[in-house]
Amino acid sequence: MNGDKGFTYPAALLLIIVVSVSLMVVQKQWSTIMKRDREKELFFRTSQIIQAIESYYQNSPGGSRQYPRSLKVLLKDNRLPGLKRHLRKLFKDPMTEDGDWGIVYDGKGRVKGIFSRSQDEPIKKAGFPKAYKSFENKKKYSEWKFVYEPKKETAS
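Take any residue in the sequence shown, note its place counting from 1, add 1, and you have its number in the numbering used here.
Rendered as structure tokens:
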């Protein structure tokens, strides 16, 4: 009977330590899974916005093609008769709390691209599609610039 004294308390402490360490490991794995999902969402949202910028640019009236003055004009383009929507909604940046994008401007102050303002380190470092090869080995999401560059037309 005397040998059992004091055994319960150290066993309970050991159990608490083991459970705490296990929860820390699970939390780290869960946060990595969530960050990876936000990265995928970042690529989806930026592709939608870049396609809208391309559509706005390609559908410019007259011979002078222009980038939009802001992202909001992608929602309602009144340059031609009738209403044209290049984007159904203005997506937020999934990597930042406020959801605001960084903007890449052309030489005339018009929007030709976006980027996340997040200073976090990306999980994805390699294996990007050809269009995003410049993203390889970047240290921050803010270094990933999603930009629409029109293809140069060649004379035949």
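Each residue gets a CB set at the ideal place from its N, CA and C atoms; glycine is no exception.
Checking 8 angstroms against the spacing of the C-beta atoms, do residue i and residue j come in under that value?
i    : j    : result
L91  : K73  : yes
P69  : L75  : yes
K139 : W145 : yes
I115 : R37  : no
V105 : S71  : no
Y149 : M96  : no
H87  : S56  : yes
So if DSSP puts residue i in a beta bridge, which residue, or which two residues, is it bridged to?
i    : result
I115 : I104, F147
K131 : DSSP lists no partner for K131.
L85  : Reading off the sequence, residue 85 comes out as Lys, not Leu. K85 pairs with D78.
By a C-beta neighbour count over all protein chains shown, 10 Å radius and 16 as the cutoff for buried, is residue i buried or exposed?
i    : result
T47  : buried
S157 : With a pLDDT of only 49 at S157, under the threshold of 50, the placement of this residue in the model should not be trusted; the figure read from the coordinates follows. S157 should be labelled exposed.
S117 : buried
Y10  : exposed
A53  : buried
W31  : exposed
D78  : buried
I50  : buried
S119 : buried
K130 : The sequence given here has Pro at residue 130, not Lys. Counting Cβ neighbours within 10 Å, P130 comes out exposed, since fewer than 16 surround it.
F45  : exposed
L16  : exposed
D94  : buried
L14  : exposed
What is the DSSP secondary structure of residue i, reduced to helix, strand or coil?
i    : result
D38  : helix
K153 : coil
F92  : coil
E137 : coil
R66  : coil
L72  : coil
E55  : helix
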